[in-house]
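Quick notes on the structure that follows.
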Amino acid sequence: MDKNGVMRFRLESDSEITKGLYSCLILLLDGTEADEVLSVKIDNLIELNVGLPSRGNSRVNTWHNVLISMQWRTKSLGEERGICKTIQVP
Numbered sequence: 000m001d002k003n004g005v006m007r008f009r010l011e012s013d014s015e016i017t018k019g020l021y022s023c024l025i026l027l028l029d030g031t032e033a034d035e036v037l038s039v040k041i042d043n044l045i046e047l048n049v050g051l052p053s054r055g056n057s058r059v060n061t062w063h064n065v066l067i068s069m070q071w072r073t074k075s076l077g078e079e080r081g082i083c084k085t086i087q088v089p
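In terms of numbering that gives the first Met the number 0, the sequence shown is residues 0 to 89.
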């Protein structure tokens, strides 16, 4: 989170597939406000044609896990700065 409350994300991974998945989420969420990051739902990922939720071991689970991680970190930083108090992360 920058000094203006805008979220900034970066990634590190040895896997090219993982880098690609993370990059898509970063393109969507980097530069947005914390509340926007926290408002993204798994259903929004379906619209991106990355699979269906709750379907065993698939790439959508990776997207979901990364999204949840991004949201938890956003919420934590937002709470520290008094920005995110009411939104619950799944």
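Think of the CB as a built atom: it goes at the ideal place given N, C-alpha and C, for glycine as much as any other residue.
For residue i, the residue or residues it bridges with in DSSP
i, result
"Glu32", "Val5"
Cut-off 7 Å between Cβ atoms - residues of its own chain near residue i, not counting five sequence neighbours on either side
i, result
"Met69", "Phe8, Leu24, Leu28 and Val36"
"Leu26", "none"
"Asp42", "none"
Alpha-carbon spacing of residue i relative to residue j, whole angstroms
i, j, result
"Lys40", "Glu15", "25 Å"
"Val11", "Lys18", "The identity of residue 11 in the sequence shown is Glu, whereas the question assumes Val. Cα to Cα, Glu11 sits roughly 7 Å from Lys18."
"Ile82", "His63", "24 Å"
"Cys1", "Glu79", "This sequence places Asp at residue 1; Cys is not what is there. Cα to Cα, the separation comes out at about 13 Å."
"Trp71", "Ser38", "12 Å"
"Ile67", "Ser22", "15 Å"
"Asn3", "Asp13", "31 Å"
Contact check, residue i vs residue j, beta carbons under 8 Å
i, j, result
"Leu20", "Thr61", "yes"
"Val65", "Gly30", "no"
Neighbourhood of residue i by C-beta, 8 Å cutoff - its chain only, sequence neighbours within 5 removed
i, result
"Ser75", "none"
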